[in-house]
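Novice: Each number in the numbering used here corresponds to the 1-based position in the sequence shown with 663 added.
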Amino acid sequence: MFRKPALAATLGLAAAMFGLSASAQEVEWKYYTYFGANDKPTQLHREFAADVEAASGGRLKIDVYAGGELPYKAPDVLKAVATNQVQMGDVAIGFVAGDVPELNALAMPFVCTSIDKFYDKAAGAAEPYVDDVFSNRFRSVALMQWVMPPQQLWLREPVDGIDALKNLKIRAWNREQVQVMQLLGGSGVTITPAEVIPALQRGVVDGAFTAAVPALDWKFHEVTDYGFMMSLTLAHQVATVNQGAFDKLPADLQQLLRDKAAEWAPKYRQAMLDGDRIAREKLIEAGMTLHDVTPEELERLRTVTRPMWDEWANQNGDTAKQMLAEVASACQ
Numbered sequence: 664m665f666r667k668p669a670l671a672a673t674l675g676l677a678a679a680m681f682g683l684s685a686s687a688q689e690v691e692w693k694y695y696t697y698f699g700a701n702d703k704p705t706q707l708h709r710e711f712a713a714d715v716e717a718a719s720g721g722r723l724k725i726d727v728y729a730g731g732e733l734p735y736k737a738p739d740v741l742k743a744v745a746t747n748q749v750q751m752g753d754v755a756i757g758f759v760a761g762d763v764p765e766l767n768a769l770a771m772p773f774v775c776t777s778i779d780k781f782y783d784k785a786a787g788a789a790e791p792y793v794d795d796v797f798s799n800r801f802r803s804v805a806l807m808q809w810v811m812p813p814q815q816l817w818l819r820e821p822v823d824g825i826d827a828l829k830n831l832k833i834r835a836w837n838r839e840q841v842q843v844m845q846l847l848g849g850s851g852v853t854i855t856p857a858e859v860i861p862a863l864q865r866g867v868v869d870g871a872f873t874a875a876v877p878a879l880d881w882k883f884h885e886v887t888d889y890g891f892m893m894s895l896t897l898a899h900q901v902a903t904v905n906q907g908a909f910d911k912l913p914a915d916l917q918q919l920l921r922d923k924a925a926e927w928a929p930k931y932r933q934a935m936l937d938g939d940r941i942a943r944e945k946l947i948e949a950g951m952t953l954h955d956v957t958p959e960e961l962e963r964l965r966t967v968t969r970p971m972w973d974e975w976a977n978q979n980g981d982t983a984k985q986m987l988a989e990v991a992s993a994c995q
């Protein structure tokens with residue numbers, strides 16, 4: 664009469680042990696960012712990954728790979744995640760705009776140039792559109808949105824106003840920056856990040872668009888003397904996860920990952936605000952002159968580039984129109 668209870672107890676113990684083993688199983692992911700190994704975003708990604716690993720008791724280990732450490736470039740990241748070549752990726756919407764053109768609203772000049780306004784309102788306005796496209800078209804979970812500080816124009820020689828930008832050749836990293844330069848009477852050329860400094864050194868280009876943080880990281884002060892601080896756009900980034908890899912996680916790890924993303928979004932925000940301020944200070948200390956555009960210059964820049972909004976929205980359909988309108992309204 665003791666056999667059945669004993670057998671049941673044995674099976675129950677085995678089931679409990681198996682359940683514990685399954686839930687405690689270690690999972691290891693690759694997380695790719697196109698930023699360099701020493702760049703601030705890469706440091707943040709590594710800190711985020713270390714926090715997730717610690718909070719999960721080592722059950723979820725995320726190995727962060729920087730640009731050049733895996734055979735992908737910035738435009739490849741979303742597809743690499745979608746095909747599970749890497750389980751996580753730092754996706755720059757501007758770089759993958761060919762795949763998700765309707766999500767590139769923040770690339771429109773001056774639509775949103777405040778980090779605080781992005782996090783307070785614009786990210787929430789953009790979220791349903793990003794979630795829908797990433798999930799349905801790329802089988803990816805949009806885990807967290809973040810932004811780089813405003814894009815500025817770094818020049819080899821000083822200029823005395825907007826008219827002096829005519830005929831200049833500027834390194835641009837997306838189509839919208841090329842359009843802006845055309846509207847201002849100059850030209851934009853596409854150059855990979857690794858080629859920017861040599862191109863500036865040789866005078867192949869007169870300047871380059873990027874934020875203050877990478878300008879400092881890449882030592883722009885050694886090849887440029889002047890910053891035309893026009894705050895053109897914020898670079899819209901999405902930390903995304905392969906849907907299949909996410910679905911295989913136990914429910915508690917899925918929730919942990921979402922909770923950590925929500926916890927870390929404010930840390931990215933503050934890091935970019937601090938990074939922008941510190942980068943500007945250090946670039947000035949290094950001998951650069953930074954010119955913040957006047958209200959009159961800003962109004963003129965807005966007027967000249969505003970036609971890009973309508974052209975882009977009309978080309979990319981209802982999702983683009985709705986997202987642009989909502990993000991622009993949120994950033995007012």
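Positions of the beta carbon are idealized from the N, C-alpha and C atoms, including for glycine.
Since F711 contacts K882 with CB under 8 Å, what's their CB separation in whole angstroms?
Specialist: Incorrect: roughly 26 Å between the Cβ atoms, too far for contact.
Novice: Would you mind working out which of E691, D973, L707 and A983 sits nearest Y931, comparing C-alpha positions?
Specialist: Selection E691, D973, L707 and A983 evaluated against Y931 yields L707 as nearest (Cα-Cα).
Novice: Between the beta-carbon of M771 and the beta-carbon of W692, is there less than 7 Å?
Specialist: no
Novice: Since M892 is in the beta strand (DSSP E), which residue starts that stretch and which ends it?
Specialist: Y889 to M892
Novice: Report the residue ranges of all beta strand (DSSP E) runs contained in full by the region 932-975; include only those spanning at least 3 residues, in chain order.
Specialist: 952-955
Novice: Is T853 helix, strand or coil by DSSP?
Specialist: strand
Novice: Once the 5 residues before and after L818 are set aside, which same chain residues still bring their CB inside 7 Å of it?
Specialist: D869, G870, T887, Y889 and F891
Novice: Between which two residues does the beta strand (DSSP E) containing Y735 stretch?
Specialist: Taken as a continuous stretch (DSSP letters only), Y735 belongs to no beta strand (DSSP E), as it is neither H nor E.
Novice: Spatial neighbours of E721 within its chain, please: CB distance less than 7 Å, with the 5 preceding and 5 following residues excluded, ordered by chain position.
Specialist: According to the sequence provided, residue 721 is Gly. The question's Glu does not apply to it. Once the five neighbours on either side are set aside, the close Cβ partners of G721 are E689.
Novice: From the DSSP output, in three-state form, read off L912 for me.
Specialist: For L912, the three-state secondary structure derived from DSSP is coil.
Novice: Check whether the region 828-837 touches the region 796-810, counting contact only when three or more Cβ pairs, one atom from each stretch, lie closer than 8 Å.
Specialist: At 8 Å Cβ cutoff, the stretches do not touch.
Novice: Give me, in chain order, the residues of the same chain whose beta-carbon lies closer than 8 Å to that of L683; leave out the 5 immediate sequence neighbours on both sides.
Specialist: Because L683 sits at a pLDDT of 41, beneath the cut-off of 50, its placement in the model cannot be relied upon, and the following sentence gives the value as read from the coordinates. Sequence-distant Cβ neighbours of L683 in its own chain, meaning closer than 8 Å and more than five residues away, do not exist here.
Novice: What does the Cβ neighbour count give for N767, buried or exposed, with the cut at 16 atoms within 10 Å?
Specialist: Classification for N767: buried.
Novice: Is there contact here, the region 894-908 with the region 739-759, by at least three beta-carbon pairs under 8 Å?
Specialist: yes
Novice: Are the Cβ atoms of L741 and D726 separated by less than 7 Å?
Specialist: Between L741 and D726, the C-beta spacing is not below 7 Å.
Novice: Is the separation between the beta-carbon of E989 and that of A788 shorter than 7 Å?
Specialist: yes
Novice: I'd like the list of long-range same chain contacts for F758, defined as Cβ closer than 6 Å, with 5 residues on each side in sequence excluded.
Specialist: Only A737 and P738 meet the Cβ criterion.
Novice: Judging by CA-CA distance, which residue of R802, I825, A755 and A718 is the nearest neighbour of P958?
Specialist: I825
Novice: Identify whether F773 lies in helix, strand or coil by the three-state DSSP scheme.
Specialist: coil
Novice: Per the DSSP calculation, D753 is bridged to which residue(s)?
Specialist: A902
Novice: In the DSSP assignment, what residue or residues form a beta bridge with F872?
Specialist: Paired residues: L816.
Novice: Answer with buried or exposed for P821, where buried requires no fewer than 16 other C-beta atoms within 10 angstroms of its C-beta.
Specialist: exposed
Novice: Measure the C-alpha to C-alpha separation of Q933 and V852 and round it to an integer number of angstroms.
Specialist: 32 Å
Novice: For E716, which residues in the same chain have their Cβ closer than 6 Å to its Cβ, ignoring the five residues on either side in sequence?
Specialist: K724
Novice: Let me make sure I understand the geometry here. Which of A713, P704 and K945 has the alpha-carbon closest to that of G730?
Specialist: P704
Novice: Using a threshold of 7 Å, state whether the C-beta atoms of L936 and I778 are closer than that.
Specialist: yes
Novice: CB-CB under 6 Å to V956, same chain, minus the five flanking residues each way: which ones, in chain order?
Specialist: M893
Novice: Kindly indicate which residue of D714, V876, P861 and M807 has the alpha-carbon position closest to the one of L816.
Specialist: V876
Novice: From L987 to V744, what does the alpha carbon distance come to, in whole angstroms?
Specialist: 26 Å
Novice: Identify the continuous beta strand (DSSP E) that holds K724 and give its terminal residues.
Specialist: L723 to Y728
Novice: Roughly how many angstroms lie between the CA atoms of K780 and G950, to the nearest whole one?
Specialist: 31 Å
Novice: Taking the C-alpha atoms as reference points, what is the distance between L961 and T903?
Specialist: 34 Å
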